[in-house]
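Numbering (the working numbering), first residue to last: 11 to 91.
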């Protein structure tokens, strides 16, 4: 399994939530009302998911897991005219 974990965070304007739109961390699925809330939720979920899925990880025991969080937001920008 890849040791460079990431979570892409995107905004769904229609639903009004931020969510994990792409990740390579096993089982990471989450959404929240704000980007900050989602980041906090991810920080809580990663250790829990590690424990639940320990056999999927090559490491037998780790003290920390690096996870790169990237955010994006699609906006529609009206043109003058």
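Where is the CB? At the ideal position from N, CA and C, for every residue including glycine.
- Query: Just curious, the beta strand (DSSP E) that residue 27 is in, first and last residue?
  - Reply: 27-33 is the extent of the beta strand (DSSP E) around residue 27.
- Query: Taking the alpha-carbon positions, what's the residue 40 to residue 47 distance?
  - Reply: So the two alpha carbons sit approximately 10 Å from each other.
- Item | According to DSSP, residues forming a beta bridge with residue 17 | Among the bridge pairs identified by DSSP, residue 17 is matched with 33, 79.
- Message: So, at 8 Å on beta carbons, what are the nonlocal neighbours of residue 80 in its own chain, with the 5 sequence-adjacent residues on each side left out?
- Response: Around residue 80: 16, 17, 18, 19.
- Query: According to DSSP, which residues form a beta bridge with residue 41?
  - Reply: DSSP lists 29 as the bridge partner or partners of residue 41.
- Item | Status (buried if at least 16 other CB within 10 Å, exposed otherwise) for residue 52 | Around the beta carbon of residue 52, 16 or more other beta carbons sit within 10 angstroms, so the residue counts as buried.
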